[in-house]
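Undergrad: Numbering (the working numbering), first residue to last: 6 to 302.
Structure below; questions to follow.
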């Protein structure tokens, strides 16, 4: 007895046997994704500009009905086109999907920026109480759980009134972000910051004043816009200490002599390529016991 297999062909999918149709369909989809991403980027830029002048309440809701009216309708996003594809007009449904992703991302970014603004005055207060904390801040050393308690209390509630529990990892990264913004404006050398103990007191006063002014700075949002990238391909990107990774010995941490592309280490009697030595330091920094193990060499 013979049997018959019934199959169903979906009209929305191209026939793989028709190579020309398949390639055309693939190109059409990729073009649409690129244009949607361009529109999404335009939405993000406009919402960030709007946030710097508008009330934060416009971005407080996670209810689609509320934030749609507060942002999408108020800023007339249905009429917005991306600068790269001004002639091409996406359908309204595609625009709404692009807006939803952009809004959620911007809202999370606002929470992080406002958390940074909360950490800044707390950091200045702790500088006055603890000089060791100030030295750790300048050197890029991660703070312990006990040192982070005031920051955890200050950030227990986010800018939208919702409770949040930031881990030690996130709190340290926020503090490092403040440090990066500060050092981007002030080019202090390692010896000026740490080794010269006589300069610690006036330098601490300067840091407190400058960090305190960051909160009121008009350019604060732009300066921290790209400063929250903590992962790359699902791998944590470590915050490297404020040392010259090309010059520091990747075996024991002692300073060497850098000459051109070669770095020599008299205590070991060897020379390494500067880029290779820097790469080894970056890898070693991920290992918490690197310093102790290097001391045995």
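We put the CB at the ideal spot given by N, CA and C, even for glycine.
What you are looking at is a predicted structure, and each value in this text was computed from that prediction instead of being measured.
1. What residue does the beta strand (DSSP E) around residue 102 start on, and which one ends it?
2. Could you tell me which residues DSSP puts in a beta bridge with residue 270?
3. Please list, in chain order, all residues of the same chain as residue 104 whose beta carbon is under 7 Å from its beta carbon, the five residues on each side excluded.
4. Name the residue from 44, 63 and 32 whose alpha carbon lies nearest to the alpha carbon of residue 86.
5. Determine whether the beta carbon atoms of residue 40 and residue 128 lie at a separation below 8 Å.
6. Expressed to the nearest angstrom, what Euclidean distance is found between the alpha-carbon atoms of residue 37 and residue 106?
7. What residues in its chain sit with their C-beta under 8 Å from that of residue 187, if we drop five residues either side in the sequence?
8. Assuming the contact rule is C-beta atoms closer than 8 Å, residue 148 and residue 180 should be a hit. Round their C-beta distance to whole Å, please.
9. Flag residue 174 as yes if its beta-carbon sits less than 8 Å from any beta-carbon of chain C, otherwise no.
10. Are the beta-carbon atoms belonging to residue 116 and residue 164 less than 8 Å from one another?
11. Where does residue 91 fall in DSSP's three states?
12. Please check the pair residue 168 and residue 159, which I expect to be a contact at CB under 8 Å, by giving their CB distance rounded to whole angstroms.
13. With 16 other CB atoms within 10 Å as the buried threshold, where does residue 182 fall?
14. Which residue wins for smallest C-alpha separation from residue 189, given the options 172, 154 and 225?
15. Return the CA-CA distance between residue 112 and residue 90, expressed in angstroms with no decimal places.
16. From residue 155 to residue 176, what distance separates their C-alpha atoms?
17. Could you name the residues that DSSP lists as bridge partners for residue 262?
18. Output needed for residue 125: all residues of its chain with C-beta closer than 8 Å, excluding positions within five of it in sequence on either side, in chain order.
19. Taking the alpha carbon of residue 98 as the reference point, which residue from 270, 84, 109 and 50 has its own alpha carbon closest?
20. When DSSP labels each residue in this structure, what does residue 212 get in the three-state scheme?
21. Under 8 Å by Cβ, that's how I've got residue 209 and residue 139 pegged, so tell me the actual separation to the nearest angstrom.
22. If you draw a straight line from the alpha carbon of residue 61 to that of residue 75, how long is it in whole angstroms?
23. Short of 6 Å in beta carbon distance, which residues of its chain neighbour residue 67, apart from the five on each side in sequence? Order them along the chain.
24. Count the other CB atoms, across all protein chains shown, that sit within 10 Å of the CB of residue 166; report buried if there are 16 or more and exposed otherwise.
TA: Per the coordinate set shown:
1. First-last for residue 102: 97-134, but that is the alpha helix (DSSP H), not the beta strand (DSSP E).
2. 275
3. 48, 77 and 82
4. 44
5. no
6. 16 Å
7. 212, 215, 216 and 219
8. 7 Å
9. Although the question refers to chain C, the structure presented lacks it and comprises just one protein chain.
10. yes
11. coil
12. Not quite, the Cβ-Cβ distance comes to about 13 Å (not below 8 Å), so this is no contact.
13. buried
14. 225
15. 26 Å
16. 11 Å
17. 269
18. 183, 216, 217, 219 and 220
19. 84
20. helix
21. 5 Å
22. 11 Å
23. none
24. exposed
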